[in-house]
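To start, the structure itself, in structure tokens.
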Amino acid sequence: MKFSLSAAMLAVALLASACSTATRTVAPISAAEVGEVRAGSGYLKGYLAPAELPDSLALLPPPPAEGSAALAADAATFRTLTALQGTPRGALAVQDANLRFPKAAETFSCALGLPISEEATPNLNMLLRRTLTDAGIATYKAKDKYQRTRPFVVFKAPSCTPREEAALAKDGSYPSGHSAAGWAWAMVLTEVAPERSDALLQRGRAFSQSRGICGVHWQSDIEAGRLIGAATVARLHANPVFNAQVDAARLEVARARAQGSTPGRDCAAEAAALGSSSMLAP
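Take the sequence shown: its letters are residues -22 to -1, 1 to 260, numbered as in mature numbering (1 follows the signal peptide of the UniProt record, and there is no 0).
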């Protein structure tokens, strides 16, 4: 029996498809399957092993030295940003301080234009939970080395999260873990929904600036955190489970848009708060 060229090509395509299906990476959406970093912590394990994380100590310069122009600029920005405490933008900064899920999943819902939750978008929700851990832990080589004192401690000023001040005072300020996570989230979300890239990146920038408004990070901490967030996402692209989860999240987003889903958050109030401070946040 003779095969035509088209039949042979079809056979090869079907075989390739079967092999692809058989070897396709499955990304878990169950927190129980992924497991926590520490039992009872609520933070899930990341995608990356410790040895795979970017080296923040190698990637970052030391924080600004005493008496330097850079430190003076940090202090000036501290005064500018903390003046927003007590305003609607300050209230948003308080919300941004919360990295606990399920609440933290809502942070980018307005920028995405869709609700984000374990129920509505389980793969997207898992992406945020696991990249939070990867980006946050990646900051600790530099944090532990420099042990930079946080600005609210230096200036004996109130932060916007007083219940966290005791713990924050013991944790190094440089680089900002929140900023690393927020920028990593923004970058991952632009891959899931590239048509919303500008809004997502703007929200990621604002999320990191919230740490300056709260008085718990210097501007140089925030900028260094964004770099580590970007480095973490770059490394994540070599992880097959992460890539599979991104692919699955894209399908969730497309399905949610087709269904006409909308964020369960006051997006007009959020936009107003962010717009009122856009010229003040460097």
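All residues carry an ideal CB built from backbone N, CA and C; glycine is no exception.
Alpha helix (DSSP H) segment containing residue i, residue limits
i	result
Leu70	Pro66 to Asp74
Lys119	Tyr118 to Tyr124
Gln180	Ser175 to Ile191
Asn221	Pro218 to Ala236
Val194	No alpha helix (DSSP H) holds Val194; DSSP gives it neither H nor E.
Leu167	Gly155 to Val170
Pro42	Counting along the chain, Pro42 falls outside any alpha helix (DSSP H), and DSSP gives it neither H nor E.
Pro129	Pro129 to Val132
Among the options, the one whose alpha carbon lies nearest that of residue i
i	options	result
Ala246	Arg67, Ser8, Leu62 and Pro6	Arg67
Arg243	Leu70, Ser157, Val166 and Asp149	Leu70
Leu214	Tyr21, Ala29 and Glu14	Ala29
Ala158	Ile191, Gly190, Asp149 and Glu201	Glu201
Cys138	Gln63, Leu49 and Ala216	Gln63
Ala249	Ala162, Ala209, Gln180 and Cys192	Gln180
Asp122	Pro41, Ala83, Arg141 and Leu229	Pro41
Leu146	Arg108, Cys192 and Ala98	Cys192
Tyr152	Asp52, Asp199, Phe220 and Gly114	Asp199
Asp33	Ala227, Ile206 and Ala47	Ile206
For residue i, the three-state DSSP class (helix, strand or coil)
i	result
Glu14	strand
Leu49	helix
Leu92	coil
Leu77	coil
Leu22	strand
Leu205	helix
Ala(-1)	Residue confidence is low: Ala(-1) scores 38 on pLDDT, short of 50, so the model does not pin down where it sits. Its coordinate-derived value is still stated next. Helix at Ala(-1).
Ala27	coil
Proximity test, residue i beta-carbon vs the ligand GTP heavy atom, cut-off 7 angstroms
i	result
Ala145	Absence of the ligand GTP is noted for the structure shown, with no ligands found whatsoever.
CA-to-CA distance, residue j to residue i, given in whole angstroms
i	j	result
Pro129	Ser87	30 angstroms
Ala10	Arg204	30 angstroms
Ala(-1)	Ala222	Any answer about Ala(-1) is weak, because its pLDDT of 38 lies below 50 and its placement is not dependable; what the coordinates show is given next. If I take the Cα positions, the gap works out to 14 angstroms.
Asn101	Asn76	21 angstroms
Glu84	Ala120	29 angstroms
Tyr118	Pro241	33 angstroms
Tyr25	His156	18 angstroms
Gly18	Thr109	19 angstroms
Trp163	Ala53	28 angstroms
Arg126	Pro39	13 angstroms
is_contact[residue i, chain B] using C-beta, thresh 8 angstroms
i	result
Ser46	Going by chain labels, chain B is absent from the structure shown, which holds only one protein chain.
Handout entry: At least 3 beta-carbon pairs within less than 8 angstroms: the stretch 229 to 236 vs the stretch 90 to 101
Key = Contact holds: three or more Cβ-Cβ distances are below 8 angstroms.
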